[in-house]
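Here is the structure we will look at, set down as structure tokens.
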Amino acid sequence: LVSGQAAPSANGTVPDSITGRELEVLVRLATGASNADMAVELQLSERTVERHVSNIYAKIGAHNR
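Heads up: the sequence shown is residues 549 to 613, going by this note's numbering.
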């Protein structure tokens with residue numbers, strides 16, 4: 549992830565349903581960034597970041613950080 553590659557799911561691939569913006573959030577999520585930090589960096593509201601994180605979790609089958 550740090551090298552710019554997408555994060556794999558449990559089976560080693562990123563689901564095709566992950567949007568470009570969700571991928572940006574996922575990369576930062578993998579580095580341990582907080583929702584507030586991601587919101588500032590991506591110029592989004594914290595609520596929007598929370599929604600992206602929720603969508604990502606649903607798409608990759610995760611339940612929490």
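Quick reminder that beta carbons are idealized off the backbone N, C-alpha and C, glycines included. Predicted, not measured: the structure shown is a model, and the values here were computed from it.
Could you give the C-beta distance for residue 583 and residue 598, rounded to a whole number, given that I count them as a contact under 8 Å?
6 Å
Between residue 601 and the ligand ATP, is the CB less than 6 Å from at least one heavy atom?
Ligands are entirely absent from the displayed structure, and the ligand ATP is therefore not among its contents.
Which residue from 607, 601, 576 puts its Cα closest to that of residue 589?
576
Taking the alpha-carbon of residue 568 as reference, which of 604, 578, 609 has the nearest alpha-carbon?
604
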